[in-house]
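The structure under discussion appears below in the form of structure tokens.
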Amino acid sequence: MVHLRWLHNYFISYTPFMVSYVDNHYHLFIVISGKSEEIYGAIFDVVMQHIFQRSISITTDYEKAVHNVTKKKLPIATVHDCFFHFKQCLWRQIKTLGLQKLFVDDRQVRWCLKTYACLALISEPSVIDEFQKITNFVDYYKGNFIGRQVRNQRRRAPRFPIAIWNCISRLDQQLPRTNNSNEGWHRAIHPGE
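Residue numbers in the sequence shown follow the numbering used here, run continuously in steps of one, and reach 195 at the last position.
Spelled out as structure tokens, the structure:
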């Protein structure tokens with residue numbers, strides 16, 4: 003059984019499609035002049051003439067018209083969206099929310115936000131459970147360090163006020179952010195505790 007893979011890329015235009023056979027897979031690269039369901043429908047008609055009983059996997063870039071045409075014309079196809087474009091969707095939202103500078107400047111914020119993209123790299127049945135773990139952590143963080151939102155955009159007082167755990171003033175004054183030196187001294191004079 004031959005596996006046909008259609009890699010869709012909307013950045014290019016104006017030439018007919020090309021099919022190549024690489025590593026036991028057909029790769030169909032389509033260069034098109036637009037992104038309408040009509041254009042994708044015509045492409046699918048040509049593809050359907052050649053695939054017969056082959057299994058079909060379509061990789062696209064979050065183009066809704068491709069999804070719609072696939073459901074209509076190739077209901078047996080498995081559709082996947084490109085991981086790169088998935089991360090682009092998340093990046094656009096990071097910028098929309100005004101988090102771009104924080105993402106670029108702060109390694110820990112960047113790591114935290116990239117956690118959401120990592121959900122694409124675990125088994126499909128586990129995604130919701132793993133997302134729930136992230137959500138539970140965010141819920142814990144809200145309750146303990148930010149305060150839960152209540153009516154009228156107000157927040158309850160967190161268990162630990164922001165002034166207690168925020169380190170920025172200590173960083174600005176080049177003061178230690180931890181009490182590790184005290185802990186080490188305590189261990190030295192009280193070994194075994």
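Ideal placement from N, C-alpha and C gives every residue a C-beta, glycine not left out. A quick note: this is a predicted structure, and the numbers were derived from the prediction, not measured.
- The stretch 67-87 and the stretch 37-51 touch, with no fewer than 3 CB-CB distances between them shorter than 8 angstroms.
- Taken in chain order, the complete alpha helix (DSSP H) segments of 4 residues or longer contained in the stretch 100-157 are 102-107, 109-120 and 129-143.
- Under the criterion of beta carbons closer than 8 angstroms, CYS84 and THR117 do not qualify as touching, at roughly 20 angstroms.
- Counting C-beta atoms within 10 angstroms of its own C-beta, ILE170 has fewer than 16 neighbours from the protein chains shown and is therefore classed as exposed.
- Excluding sequence positions up to five before and after ALA67, its CB lies within less than 7 angstroms of the CB of LYS37, SER38, GLU39 and TYR42, all in the same chain and listed in chain order.
- In the structure shown, ASP83 adopts extended strand secondary structure according to DSSP, grouped into three states.
- The C-alpha of ARG161 is placed about 29 angstroms away from the C-alpha of ARG189.
- For ALA165, the closest C-alpha among the options ILE148, ASN154, VAL152 and ASN181 is that of ILE148.
- For ILE96, same chain residues with a beta-carbon under 7 angstroms away, outside a window of 5 residues either side, are GLN102, PHE105 and LEU115 in chain order.
- Between VAL129 and LEU121, the C-beta gap is smaller than 8 angstroms, which places the two residues in contact.
- Membership of ILE78 in any alpha helix (DSSP H) is not indicated, and neither H nor E is assigned to it by DSSP.
- Rounded to the nearest angstrom, the Cβ distance from LYS144 to ARG153 is 16 angstroms, too far for a contact under 8 angstroms.
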